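In this note's numbering, the protein residues as written are 225 to 401.
We treat Cβ as the ideally placed atom computed from N, Cα and C, and that holds for glycine.
A quick note: this is a predicted structure, and the numbers were derived from the prediction, not measured.
Have a look at the structure below before the remarks.
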């Protein structure tokens, strides 16, 4: 599954906000300024607990607005299990529900709040196969041994094309050989 993630957050630090005000006094009229983010800006530590591998592609920059809002856009390529069983094919006629979850592993709910805007754009690999998605109840909190953490989730319903009829036909061909 491939996800484009735009993280928007506000850093509530006096030093950071003072720096932004000084920069915007120099660059009067700018609506956004881009910065290299690795050295000067705190970044949230999001991960998907079910992923088996992840590759993050980004430009290395974040945009900062005059009010201190930070925007980081990343294309995250993740592999995570979404198992299709014979039982699911029979019960749901080849439709499969897959859920993508993201949460912070280091910052608790007092430090980092996660939410999704109710906008989900499907990538090319899901377009045409994803019948629907749901972001109902898309953010909540979970209790862990390290405290209470926010998480976000989106569930996709994917048409695999493997219907009950296709499965029955394949089974017939296997038994006749």
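| Query | Result |
| --- | --- |
| Tell me whether residue 338 sits in a helix, a strand or coil according to DSSP, three-state version. | coil |
| Between the alpha carbons of residue 295 and residue 287, how many angstroms are there, rounded? | 5 Å |
| Please confirm whether residue 326 and residue 395 have their CB atoms less than 7 Å apart. | no |
| For the beta strand (DSSP E) containing residue 326, list its first residue and its last residue. | 319 to 328 |
| Which residues mark the beginning and the end of the beta strand (DSSP E) in which residue 379 is found? | 371 to 383 |
| Just to confirm before moving on: does the CB-CB distance between residue 318 and residue 382 stay below 7 Å? | no |
| How long is the line joining the alpha carbons of residue 376 and residue 249, rounded to whole angstroms? | 36 Å |
| Considering only their Cβ atoms, is the gap separating residue 379 from residue 323 smaller than 7 Å? | yes |
| Mark residue 252 as exposed unless 16 or more other C-beta atoms lie within 10 angstroms of its C-beta, in which case mark it buried. | exposed |
| Rounded to the nearest angstrom, what separates residue 392 and residue 272 at their Cα positions? | 35 Å |
| In terms of residue numbering, what span does the beta strand (DSSP E) encompassing residue 254 cover? | From DSSP, residue 254 is part of no beta strand (DSSP E); its letter is neither H nor E. |
| List the residues that DSSP assigns as beta-bridge partners of residue 288. | 257, 294 |
| According to DSSP, simplified to helix, strand and coil, what is residue 275? | coil |
| Does DSSP put residue 308 in a helix, a strand or coil? | coil |
| Give the secondary structure of residue 364 by DSSP, where H, G and I count as helix, E and B as strand, and everything else as coil. | strand |
| Taking DSSP as the reference, what is the three-state secondary structure of residue 280? | strand |
| Check whether the Cβ atoms of residue 274 and residue 311 lie closer than 7 Å to each other. | no |
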